[in-house]
Amino acid sequence: MNDGPLIVQSDKTLLLEVDHARAGDARKAIAPFAELERSPEHVHTYRLTPLGLWNARAAGHDAEQVVDTLLSYSRYAVPHALLVDIAETMARYGRLRLEKHPVHGLVLASNDRPVLEEVLRAKKVAGMLGDRLDQDTVAVHPSERGNLKQALLKLGWPAEDFAGYVDGEAHAIKLAEDGWSLRPYQAEAAESFWHGGSGVVVLPCGAGKTLVGAAAMAHAQATTLILVTNTVSARQWKDELVKRTSLTADEIGEYSGTTKEIRPVTIATYQVLTTRRKGVYPHLELLDARDWGLIVYDEVHLLPAPIFRMTADLQARRRIGLTATLVREDGREGDVFSLIGPKRYDAPWKDIEAQGYIAPADCVEVRVTLPSADRLAYATAEPEERYRLASCAREKVSVVERLVAKHQGAPTLVIGQYLDQLHELAEDLDAPVISGETPVKERQRLFEAFRSGEIGLLVVSKVANFSIDLPSAEVAIQVSGSYGSRQEEAQRLGRLLRPGRDGKVAHFYTVVSRDTVDADFAANRQRFLAEQGYAYRIMDADDI
Amino acid sequence: MDRGYRSLADQVRAWPDDRLSRLLVARPDLATPAPQDSAQLAARAATRSSLVRALDGLDRLELTVLDALISAGQTTDDQILNNVSADRHSTRAALDRLRDLALAWDSTGGLRAVTGLADLPLVAPDVSLAGPADGPPALATSPRDATLVDRAGAGAAFEAVRRVELLLDGWGAAPPGALRSGGLGVRDLKAAAARLHVDEPTVALFIEVAAAAGLLATGPDDDGTLGWLPTVAFDGWLAQMPAERWTVLARAWIGSNRTSALVGHRDPAGKVWNALVPELVSPTVIETRRMTLTAMAALPTGEVLAAGTGGPSVLARLEWLRPRRPKSRAAEIAWTFTESAVLGITALGGLASYAGSLLDGEDPSDALAALLPEPVDHILLQADLTAVAPGPLEASLARRLGVVAEVESRGGATVYRFTPASVRRAMDLGWSAVELHDFVADVSRTPVPQPLTYLIDDTARTFGVVRIGFAEAFLRADDEHALTELLHHPAAAGMGLRRLAPTVLISTTPLDVLLPQLREAGVAPVVEAPDGSLHVARPDAQRARTPRRTPDGVGTARDAARVAAVVTAVRAGDQAAAARPAATTETLTPIGSLAALREAIDAGVSVVIGYVDNHGTRTDRVIDPLSVDGGQLRAHDRRADEVRLFAVHRISSVRPA
């Protein structure tokens, strides 16, 4: 028996005891092939998945290394069956290769004939392949490069793409590092991406993904299409690029619902690309408007399904995906793998936080007790009404007031889902509301004022959730939220995890009604946050 | 041999007891039922079925030597040594073995094979004995650290034990039904596989091994239908240390003739084999298993079977050792490899060091125990409401933790999750919030996270708001005083009365017992609801009887005793035959005539037989017997001067001519 920090479970999870002396080494050793699932305070859970193993394979690790790592860090004997399974899974990647053939163009090649035969007989790939060139090579219709990769992944034989990329139209882009410089992990992320060709960089919110994108553009030195979630985010990209690179505002175009500019660097929203009129996507031609040398996907985990289909046709262009999490609520992680590329860089939140770039957050759940009358109303309400009733409990208002008073002076956000409740709160707190109805201009003005410290308190609705930048929020109070999905929590917390001034601790409060469905959602949230390694406390409303 | 014997029976008669015992041990079919004397023993040894069995146990060299002997007719040892192209030493050993097995004997004319052998094909038509017959082929090996093999094997061994426990534990609570054919339904097999996180062949192996170890058997479940239940022995097994438990499983597997690998495959008729059906046995699988493992055990330390070529080389060796064995052997070897790896007997192509002693019938528990994780007595509690036991927990702790939290992941460590449901379950079983707090604080090596404290308190807060109770009868009266009076009556002490409300009492005494007692106490109650009793009972985990099996030691002792008894009987028979006057050499029983005929065949002498023809007339004929087979004697009839067939049952007597 050796005294390793790692315990390999039979359900393919790895438990890493973090207080162990060799835990740091073990974490580094298993990070390339195992996905961090939970990182609570003592024992972190990693999971071995086929995608994770293929990601590792794509990064140049072989099964021998993986098995060796497990054996050398494992505390107990590792079940033989698991080792065999790892070797078999990893051996599946790269049996098939997409290559450029001097005569026939794109071909699917393999030196494992049975695998090729199996694949050729699969219905899923039937229409994508052309003539059989010789026993080990089949022509591929160039337009099917992405679809084929997707289909092969589903068949369990992910292909390695060696077919290369077009250079695209050259355009000089340099990072303007005056008075600031890339953080080491950002430089490393951009570097890993560039060597891998295409792929996804996983960094937590607030870790500076925009800069990784900018660094990737500086590597590519070519015209770039940036796809982002919404207009606000597009403007922020633009500001950031102007500030951090040699690009001028004239070189950067915005392609959204209101403006349609196509410039050497164009930032488009997912929404405009996926707009459909009479069954066609009128803005699809943007993808071919220029000879793009690089395509940047912001928030890959939110990438809508139609974009996947479009991306399938963009396989000859370099693609970088930026995200805080590879976990997709729709489970299409495999599509990200085959269409955008394998994971090229990953840093767990806690590590970046420990490096001091993100303020540690203090998560507190504040429980309010409903008065009997409200409890009765809740108990007799229709199930679909219950959540709203629980979320909008009157008692929450006074709690929020007390919390705001407690953190007087610190930039504070109040986040909620129900507009009535938000307006009511705004009135009580005398603070502006930002919701979906707020015009973009007004929204930006308020954000700017918040950023400059002019306004210390904002009440925001769900729209604030996605890809906005509120750099100086130190306190967030959540009064209601839809269904506590993991992704939403990551976003919410991301708002807070900006580097606080002088390393101040950020506070994240959720106010929940006791003994209601609201508390059940809070339990999910609590689990997610604890799994991410955040200290989580529960308080009674009366104790504030 | 310079002198030689007149017949095989003569030779056997001359053998010392221990040599005769060896023969009976090597060819057990000769000993049951006990032969009357050496003549009968020799006759039986020459029957076709017995010869076939004996041949099955020969290796390639022995068969080659036998082949040479048969073609030579009568010969000498030296001639055989010259004819067989193998080294003289092993050839001589082979000859000795053939003599020991009574397949060859020394006649007056020289060494010769037992008569019946000439008509038997020694090997299957597609196997050739030609070519050099030197020792068994070497195994293809590659170097591998022995400690790594042990570690991987111990890992698998631990998993196997854990999974069998999990399997049977589940079946104790919810037993799967037994099919009419005696097997286990496909659906139950799939469910078990899903529960254990293994594939179906693996779970089929665990099920078969558990059954072979006597931990699983059919028995009536709650409803009286036949189901597969853990046996009483399972409880004893649970109480053992993991290494001892593994030994039980591994021994059962090695000694089991079940072919669990066929589960899920189709039989020749196209029907899918179910696990545990009685038909899934093979007479050869035990031998193949033992020989495969023995071959692996013989590898030097630090060497394992090579990844690609190791399997075929084992097959080649087994084909050499038992050339007559059936075609199914390649499959059986492959099964042995997979199954032994799953059970942790082998790993990475090598036999684990602790498993070697299994083959010699010794106890590997101690050697294995040193490799298994030490039981731990603490857990790590985390804020996401999980608890990690960083190793196998001590049994009592595991049981308690299993009550208050759900198991989320198993393996070397166990991950538990506290949920409102699990905490409530613990409270249902009588844990109080304080006890729960104390328990988690006690066993946790890390501070108890606040969310867990809240979870327990929250659950405790809503727990028991509504109370449900157990009563056999209730007593109701509008007059509160009447009830108070009754409560204070001296006889009330034995009635188990409790006051729920001023006008309601409940009793733990059943209505039919309570009623006369109340009447005796001077109350005149009216039975209000004849159906008012509530019966709550928790079903017990169910067990079947452990099938009786004889311990290994007893078996061998019994065998030895039987062999000794047979030897004695044979000797007595021989003495009797020797004491019989010469005139009565005429034998009158069919077995006796057979023995006499075989003796005559071996000795090549003429005999006079009394033969009853179709008309019932008995005639004496002088014949030269040639062979006996299938109830017919082939012999040269001197009178008719031709070779004829005689029905053995019509031969009434045999005497020397």
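Residue numbers (the working numbering), protein chains in the order written: chain A, 17 to 560; chain B, 17 to 673.
The beta-carbon is built from N, C-alpha and C at its ideal position, and this holds for glycine as well.
Owing to the predicted nature of the structure, the values given are computational and were not obtained by experimental measurement.
Range covered by the alpha helix (DSSP H) that runs through residue i
i, result
"residue 105 of chain B", "104-116"
"residue 27 of chain A", "Unbroken run through residue 27 of chain A: none, as it is neither H nor E."
"residue 105 of chain A", "96-108"
"residue 324 of chain A", "321-328"
"residue 88 of chain B", "76-88"
Per-residue contacts from residue i into chain B (C-beta, under 7 Å)
i, result
"residue 24 of chain A", "427 and 428"
"residue 300 of chain A", "Going along chain B, no residue has its Cβ under 7 Å from residue 300 of chain A, so there is no contact; the nearest lies around 44 Å."
N- and C-terminal bounds of the beta strand (DSSP E) containing residue i
i, result
"residue 385 of chain A", "That residue, residue 385 of chain A, is in no beta strand (DSSP E); it is neither H nor E in DSSP."
"residue 307 of chain B", "Not the beta strand (DSSP E): residue 307 of chain B falls in the alpha helix (DSSP H), residues 301-313."
"residue 56 of chain B", "Taken as a continuous stretch (DSSP letters only), residue 56 of chain B belongs to no beta strand (DSSP E), being part of the alpha helix (DSSP H) at 54-61."
"residue 144 of chain A", "No beta strand (DSSP E) contains residue 144 of chain A, which DSSP labels as neither H nor E."
"residue 160 of chain B", "Element bounds for residue 160 of chain B: n/a, residue is neither H nor E."
"residue 523 of chain A", "522-529"
"residue 361 of chain A", "359-362"
"residue 336 of chain B", "Segment 326-337 is the alpha helix (DSSP H) holding residue 336 of chain B; no beta strand (DSSP E) there."
Three-state class that DSSP yields for residue i in the structure shown
i, result
"residue 430 of chain A", "strand"
"residue 270 of chain B", "helix"
"residue 480 of chain B", "coil"
"residue 487 of chain B", "coil"
"residue 21 of chain B", "strand"
"residue 545 of chain A", "helix"
"residue 565 of chain B", "coil"
"residue 298 of chain B", "coil"
"residue 652 of chain B", "strand"
"residue 447 of chain B", "coil"
"residue 287 of chain B", "coil"
"residue 492 of chain B", "strand"
Distance CB(residue i)-CB(residue j) smaller than 7 Å
i, j, result
"residue 655 of chain B", "residue 628 of chain B", "no"
"residue 42 of chain B", "residue 611 of chain B", "no"
"residue 297 of chain B", "residue 274 of chain B", "yes"
"residue 213 of chain B", "residue 90 of chain A", "no"
"residue 431 of chain A", "residue 494 of chain A", "yes"
"residue 156 of chain A", "residue 164 of chain A", "yes"
"residue 200 of chain B", "residue 216 of chain B", "no"
"residue 683 of chain B", "residue 152 of chain B", "With chain B running from 17 to 673 in the structure shown, residue 683 of chain B is simply not present."
"residue 448 of chain A", "residue 435 of chain A", "no"
"residue 385 of chain A", "residue 306 of chain A", "no"
"residue 107 of chain B", "residue 81 of chain B", "yes"
"residue 28 of chain A", "residue 216 of chain A", "no"
"residue 557 of chain B", "residue 188 of chain B", "yes"
Proximal chain A residues relative to residue i, where beta-carbon distance stays under 8 Å
i, result
"residue 434 of chain B", "What residue 434 of chain B touches in chain A: nothing, since even the nearest Cβ is about 11 Å away."
"residue 470 of chain B", "554"
Proximal residues of chain B, C-beta to C-beta of residue i below 8 Å
i, result
"residue 27 of chain A", "213, 425, 426 and 427"
"residue 525 of chain A", "None at all; the shortest Cβ gap to chain B is about 15 Å."
Chain B residues whose Cβ lies nearer than 9 Å to that of residue i
i, result
"residue 31 of chain A", "404, 406, 425, 427, 428, 429 and 431"
"residue 91 of chain A", "389, 406, 407, 428 and 429"
"residue 94 of chain A", "167, 168, 171 and 428"
Chain-ordered chain A contacts of residue i [CB-CB under 7 Å]
i, result
"residue 317 of chain B", "The contacting residues do not exist; residue 317 of chain B stays about 18 Å from chain A at best."
"residue 400 of chain B", "54, 56, 543, 546 and 547"
>> As an exercise, report each continuous beta strand (DSSP E) stretch of at least 3 residues that is fully enclosed by the region 342-425 of chain B, in chain order.
In response: 402-405 and 422-425
>> If we require 4 or more residues per run, which alpha helix (DSSP H) segments fall completely within the region 229-314 of chain A?
In response: 247-260, 286-289 and 302-305
>> For a minimum of 3 consecutive residues, which ranges assigned as the beta strand (DSSP E) are wholly contained in the region 209-271 of chain B?
In response: 232-236 and 242-246
> Which runs of the alpha helix (DSSP H) fall wholly inside the region 509-552 of chain B and span at least 4 residues, in chain order?
Replying inline: 527-536
> Where are the beta strand (DSSP E) runs, 3 residues long or more, that stay fully inside the region 29-82 of chain A, in chain order?
Replying inline: 29-33, 51-54 and 59-63
> Residue ranges of each beta strand (DSSP E) run of no fewer than 3 residues wholly in the region 123-203 of chain A, ordered along the chain?
Replying inline: 145-150 and 153-156
> Unbroken beta strand (DSSP E) runs of length 3 or more, entirely within the region 581-637 of chain B: which are they?
Replying inline: 623-628
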